[in-house]
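So the structure is just underneath, and the comments pick up after that.
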Amino acid sequence: MTDISIRPAVPGDVASLNRALAQLSADMGDEHKAGDADIARVCFGPNPVLHALVANTSDGRLVGVAAYSPFFSTVYGSVGIYVSDLWVDQQMRGQRLGQRLLEAVRMAGVDAWDASFIRLGVYRSNPRARAFYERIGFVSTEETEFMMLAGEALQSLGEDA
2 MTDISIRPAV
12 PGDVASLNRA
22 LAQLSADMGD
32 EHKAGDADIA
42 RVCFGPNPVL
52 HALVANTSDG
62 RLVGVAAYSP
72 FFSTVYGSVG
82 IYVSDLWVDQ
92 QMRGQRLGQR
102 LLEAVRMAGV
112 DAWDASFIRL
122 GVYRSNPRAR
132 AFYERIGFVS
142 TEETEFMMLA
152 GEALQSLGED
162 A
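This is the structure we're talking about:
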């Protein structure tokens, strides 16, 4: 494997971090609405809500990103880490970089919040990603399902209350 270092993202990484996240969106067929200013604000603004790790080759090329946030679960009685985005450069896939990024997320979450589990979402239309996550030990939780409230529905929340 190429010599890779994984470290927390810093403000100087914003543009390359967002390019990697945009590539992930493109790979998944998703629209990417976040701009560099959005990434800077949510990662490095006065109230950060997103943390990121970046993986670079020895010559500085960005080849992997993990974006994550803490959350508290009353069911588990502990902090979990939600991995919202995991991207590995096409040329680096199959070299365990995704697993290394998730291990770095785990260590960062344990150090910062004493986190005891990781949660993430995987598209049903992406069997390769699902197989990767299952291979390293993730299990599907059939009893729960992600639901979203966004757009007009979010804006009108409570209007009829």
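Each residue of the sequence shown is one higher than the one before, counting from 2 in my numbering. For glycine and all other residues, C-beta sits at the position ideal for the given N, C-alpha and C.
Residues bridged to T142 [DSSP beta-bridge criterion]: BP columns for T142 are empty, so no partner.
Bridge partner(s) assigned by DSSP for F118: G81
Uninterrupted beta strand (DSSP E) stretches inside the stretch 9 to 74 (no shorter than 3 residues): 52 to 58 and 63 to 74
Nonlocal neighbours in the same chain, by C-beta distance under 7 angstroms from L18, ignoring five residues either side: A10, I40, A53, V55 and V66
Beta carbon of G122 nearer than 9 angstroms to that of F147: yes
Assigned secondary structure, L87 (DSSP; H/G/I helix, E/B strand, else coil): strand
Burial state of L158, where buried means 16 or more other Cβ atoms lie within 10 Å: exposed
Residue range of the unbroken alpha helix (DSSP H) whose run includes G152: G152 to Q156
Distance between G13 and R125 (C-alpha atoms, nearest Å): 34 angstroms
Residues that S6 bridges to, as DSSP identifies them: N57
Cβ shell of A21 (< 7 angstroms), same chain only, five flanking positions each side left out: L63, V66 and W88
Extent of the continuous alpha helix (DSSP H) to which Y134 belongs: P128 to R136
Chain-order list of residues whose beta-carbon lies under 6 angstroms from that of M93 (same chain, five-residue window excluded): V64
F45 to I137 span [Cα, whole Å]: 31 angstroms
Same chain, Cβ closer than 8 angstroms to Y77, five either side skipped, listed in chain order: S117 and F118
Sub-9 angstroms separation of N48 and S6 beta-carbons: no
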